[in-house]
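Okay, so here's the structure we're looking at.
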Amino acid sequence: MITRYEELTGQIQARARLPDRQTAERTVRATLETLAERIPGGLVDHLAAQLPVEAAEPIRRVTAPHEGSPEQRAHHRDHDARFGLTGFAGRIAWRTETSEDEAIREASAFFEVLDSALDPELMEKVYGVLPNDIRELLPEARAVHAGDAGAGDTGGAGAGSAEGGGAGG
677 MITRYEELTG
687 QIQARARLPD
697 RQTAERTVRA
707 TLETLAERIP
717 GGLVDHLAAQ
727 LPVEAAEPIR
737 RVTAPHEGSP
747 EQRAHHRDHD
757 ARFGLTGFAG
767 RIAWRTETSE
777 DEAIREASAF
787 FEVLDSALDP
797 ELMEKVYGVL
807 PNDIRELLPE
817 ARAVHAGDAG
827 AGDTGGAGAG
837 SAEGGGAGG
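Residue numbers for the sequence shown, in the numbering used here: 677 to 845.
Below, the structure written as structure tokens:
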């Protein structure tokens with residue numbers, strides 16, 4: 677388990693070949709916030725518990741679309757909260773002020789680091805609730821395993837995600 681924020685951001689900076697620590701910190705924050713918008717709150721809490729405090733704090737403030745007050749749920753429902761890879765990449769790109777292609781590359785590196793650093797059972801649960809197209813960002817062995825489970829197909833429909841893969845840009 678990664679216990680130091682500097683270790684987490686350093687590994688992501690190296691794996692994604694980012695120019696500096698600040699860019700890695702933006703990637704961590706943006707990807708975690710976007711992930712927290714896509715997975716159930718209980719999983720967000722478990723994920724946050726295994727992360728360094730600096731990484732956990734921003735995701736604890738995110739409300740998933742199926743949680744929160746009735747007004748928050750209505751807002752999410754009306755604003756395309758069940759997003760696939762295109763929406764996932766777009767949200768990360770917006771948060772990091774990069775292109776969707778860069779966001780996908782950085783998110784993929786983020787998932788590789790997270791996968792090797794956190795409890796495998798927790799990561800299986802997280803990956804299990806993601807739609808197939810977002811699983812394209814996962815480490816190859818994990819993506820195949822999560823895909824075999826047949827879970828997580830709930831988010832691709834109705835989100836306007838691109839068919840056939842990738843988030844152009």
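Each residue gets a CB set at the ideal place from its N, CA and C atoms; glycine is no exception.
- Residue state for Asp777 is assigned as helix, using DSSP reduced to three classes.
- Going by C-alpha positions, Leu684 is about 15 Å away from Asp795.
- The C-alpha of Arg781 is placed about 15 Å away from the C-alpha of Gly763.
- With respect to the 8 Å criterion, Glu812 and Leu761 are classified as neighbours on the basis of their beta carbons.
- By the 16-neighbour rule on beta-carbons within 10 angstroms, Glu776 is buried.
- Here Val729 is exposed: its Cβ has fewer than 16 other Cβ atoms, across all protein chains shown, within 10 Å.
- Shown here, Gly717 sits in a helix according to DSSP, grouped into three states.
- Distance between Ala783 and Thr707, taken at the CA atoms: about 6 Å.
- No Cβ-Cβ contact shorter than 8 Å links Leu711 with Val805.
- Taking the Cβ atoms as the reference, Gln698 lies roughly 17 Å from Val789, outside the contact range of under 8 Å.
- In this structure, the alpha-carbon of Ala785 lies about 13 Å from that of Arg702.
- Annotation: Arg680 to Asp809 spans about 31 Å, alpha carbon to alpha carbon.
- Rounded to the nearest whole angstrom, the CA to CA distance from His722 to Phe787 is 16 Å.
- Taking a C-beta distance under 8 Å as the contact criterion, Leu798 and Gln689 do not qualify as a contact pair.
- For Ala731, the CB contacts under 7 Å within the same chain, skipping 5 residues up- and downstream, are Tyr681, Leu684, Val704, Leu708 in chain order.
- Residues Ala700 of the same chain have their beta carbon placed closer than 6 Å to that of Leu694, with the five preceding and five following residues left out of the count.
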